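**Q**
Numbering (the numbering used here), first residue to last: -8 to 308.
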């Protein structure tokens, strides 16, 4: 696996993550398989981890967790967490240290999602994440639920991440140990994996660390794993922002020519605003690859009956 620091060609800027060039496998152990009717199943080897079906209106997706998920990353030692924090001069170095740690663990795992292609492992939540959703997650995380893709439909179903197993109680032994790490400032990052068909990230590793941070009334440090976006797709998605920028600049240039003393400052601000928009778009993830589910829709329906009996999501609205 080839690793490159992000941004790829800049000096004197903050560390933004790792670019991972993965040479295999072609089909990973942890993967999404799809069938007609907006059906998805998340498999780990031969274990069903999650069943999901998108609503026909594309307003959200219904899901059912099976409780069979296993983290592809070996348990982290408390000694390692303290050593990494003490050895790193700042948060950028600390995130970089953990990114390399998790990249190595995922590459060596026989249970993870990495497959052939380019990936990014970046610190922090998506630029589009909503801070209020953390509090919602602490209060509302059913095994069978719905992820709303638009605010208010209903509000408690809006989320930026989905645990792949129920979060342990705040007084569970491992959570208590992680809560102590959180208070000491040495809690390792929670690793998320973006799944585009759910329009959210799932918790790849660190369920107890997530539970600990929420129990302490805080937010855990996060590293996000996503497939790297294609430059052609980024260029296509940038076109509306570029057209809007050109229109605003043309208007501001007319104001400048008419003698507006503030116009040059506004033009410079528009340039910075465009740069931020393009940066946010480029740092987002690419579409998650899905493999055809053998047997198609009937096979998915059979899996749903076996692993989520009584689950009948209303997807026709």
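We treat Cβ as the ideally placed atom computed from N, Cα and C, and that holds for glycine.
From a predicted model like this one, the values you see are computed outputs, not experimental measurements.
Sort 86, 296 and 44 by Cα distance to residue 189 and report the nearest one.
**A** Per the Cα distances, 44.
**Q** Within the same chain, show all residues whose beta-carbon is closer than 7 Å to that of residue 206, passing over the 5 residues directly before and after it, in chain order.
**A** Cβ within range, chain order: 161, 166 and 170.
**Q** Considering just the uninterrupted stretch of the beta strand (DSSP E) at residue 57, what are its terminal residues?
**A** Segment: none, residue 57 is in no beta strand (DSSP E) and carries neither H nor E.
**Q** Ignore the nearest five residues each way along the sequence and tell me which others in residue 290's own chain have a CB closer than 8 Å to its CB.
**A** Closer than 8 Å at Cβ, skipping near neighbours: 26 and 284.
**Q** Look at the alpha carbon of residue 70 and the alpha carbon of residue 79, and state the distance between them as a whole number of angstroms.
**A** Whole-angstrom Cα-Cα distance: 14 Å.
**Q** Determine which residues share a DSSP beta bridge with residue -7 and list them.
**A** Paired residue(s): 12.
**Q** Using alpha carbons as the reference points, say which of 125, 104 and 216 lies closest to residue 202.
**A** Residue 202 has its Cα closest to that of 125, out of 125, 104 and 216.
**Q** Provide the residue span of the beta strand (DSSP E) that contains residue 24, from first to last.
**A** Element bounds for residue 24: 21 to 26.
**Q** Are residue 34 and residue 110 close, meaning C-beta to C-beta below 7 Å?
**A** Not closer than 7 Å, so no.
**Q** Less than 7 Å between the C-beta atoms of residue 60 and residue 156, yes or no?
**A** In this structure, residue 156 lies closer than 7 Å to residue 60 by Cβ.
**Q** Apart from the five residues just before and just after residue 307, which ones in its own chain have a Cβ nearer than 7 Å to its Cβ?
**A** Excluding sequence neighbours, residue 307 sits near 47.
**Q** Measure the C-alpha to C-alpha separation of residue 177 and residue 73 and round it to an integer number of angstroms.
**A** Using only the alpha carbons, I get a separation of about 6 Å.
**Q** Can you name, in chain order, every residue of its own chain whose Cβ lies under 7 Å from the Cβ of residue 101, other than the five neighbours on each side?
**A** Hits under 7 Å: 20.
**Q** Just list the alpha helix (DSSP H) runs in the region 275 to 302, keeping only unbroken ones of 4 residues or longer that don't cross its boundaries, in chain order.
**A** If we require 4 residues or more, the alpha helix (DSSP H) runs fully inside the region 275 to 302 come out as 287 to 298.
**Q** Given residue 0, which residues of its chain have a CB within under 7 Å of its CB, disregarding the five upstream and five downstream residues?
**A** The predicted position of residue 0 is uncertain, since its pLDDT is 48 and thus under 50; a value taken from the coordinates is nonetheless stated next. Around residue 0: no qualifying Cβ.
**Q** Buried or exposed: which applies to residue 28, given that a residue is buried once 16 or more other Cβ atoms fall within 10 Å of its Cβ?
**A** So residue 28 ends up on the exposed side.
**Q** Any idea what DSSP makes of residue 170, helix, strand or coil?
**A** If DSSP states are grouped into helix, strand and coil, residue 170 belongs with the helices.
**Q** Smallest Cα separation from residue 159: which of 152, 191, 199 and 168?
**A** Answer by Cα proximity: 199.
**Q** Roughly how many angstroms separate the alpha carbons of residue 92 and residue -2, rounded to a whole number?
**A** Distance between the alpha carbons of residue 92 and residue -2 is about 19 Å.
**Q** In the DSSP assignment, what are the bridge partners of residue 111?
**A** Residue 111 is bridged to 10 and 217.
**Q** Would you grab the beta carbon distance between residue 210 and residue 277 for me? Rounded to a whole angstrom, and I think it's under 8 Å.
**A** Going by Cβ atoms, the distance from residue 210 to residue 277 rounds to 26 Å, so no, they are not a contact pair.
**Q** Given this structure, state the Cα-to-Cα distance separating residue 9 from residue 304, to the nearest angstrom.
**A** For residue 9 and residue 304, the distance between alpha carbons rounds to 38 Å.
**Q** If you count every other CB in all the chains shown that lies within 10 Å of the CB of residue 57, and 16 or more means buried, which is it?
**A** With 16 or more Cβ atoms within 10 Å of its Cβ, residue 57 is classed as buried.
**Q** Mark residue 288 as exposed unless 16 or more other C-beta atoms lie within 10 angstroms of its C-beta, in which case mark it buried.
**A** Exposed.
**Q** Do residue 112 and residue 253 have their C-beta atoms closer together than 7 Å?
**A** Not a contact, by the Cβ cut-off of 7 Å.
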